[in-house]
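Below you'll find the structure, written out as structure tokens, and then a few comments.
In my numbering, the protein residues as written are 18 to 165.
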């Protein structure tokens, strides 16, 4: 075997590590003069990761409009209260009417009983079943004096 006449160039390839860059963290505006606190986290394998503690951005609160206005709620509550009062007034008027009827019946009963008692007193007096009998005999009246 014979040696080649001119040596061939040898290419050497060195592997290049593929570096994957993580997505960039969102940039948070820091107020001048305030430096965020540095936080360190110990991973389970013993490595320590140090970085700034970044609070997640809070979305702005959207002003929610109430489904029902305060005025409508107040009017509705007033209506409910009015209905409750009307029901109570209806019961009150019914109670007053019943009380009036009861008092009227008591007055009528008292009139009948008292009237009957008076009638018995009047009609029983004609028989002189009891009482005091006074017999007046020759009465003499002289000078405005009664001598009996």
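We treat Cβ as the ideally placed atom computed from N, Cα and C, and that holds for glycine.
Opposing strand residues paired with residue i [DSSP bridges]
i: residue 68; result: 56
Cα-Cα separation between residue i and residue j, rounded to whole angstroms
i: residue 119; j: residue 93; result: 39 Å
i: residue 137; j: residue 121; result: 24 Å
i: residue 80; j: residue 104; result: 41 Å
i: residue 180; j: residue 95; result: Outside the modelled stretch of the chain, which goes from 18 to 165, sits residue 180, for which no answer is possible.
i: residue 126; j: residue 132; result: 10 Å
i: residue 115; j: residue 123; result: 12 Å
i: residue 62; j: residue 78; result: 41 Å
i: residue 111; j: residue 130; result: 29 Å
i: residue 84; j: residue 90; result: 11 Å
i: residue 34; j: residue 82; result: 57 Å
i: residue 100; j: residue 113; result: 20 Å
i: residue 60; j: residue 67; result: 11 Å
CB contact flag (residue i, residue j, <8 Å)
i: residue 55; j: residue 69; result: yes
Reduced DSSP secondary structure (H/G/I, E/B, other) of residue i
i: residue 80; result: coil
i: residue 141; result: helix
i: residue 122; result: helix
i: residue 104; result: helix
i: residue 93; result: helix
i: residue 88; result: helix
i: residue 74; result: coil
i: residue 110; result: helix
i: residue 2; result: Any answer about residue 2 is impossible in this case: the structure gives the chain only from 18 up to 165.
i: residue 36; result: coil
i: residue 98; result: helix
Check: residue i C-beta below 7 Å from any heavy atom of the ligand ZN
i: residue 115; result: This structure does not include the ligand ZN; it has no bound ligands of any sort.
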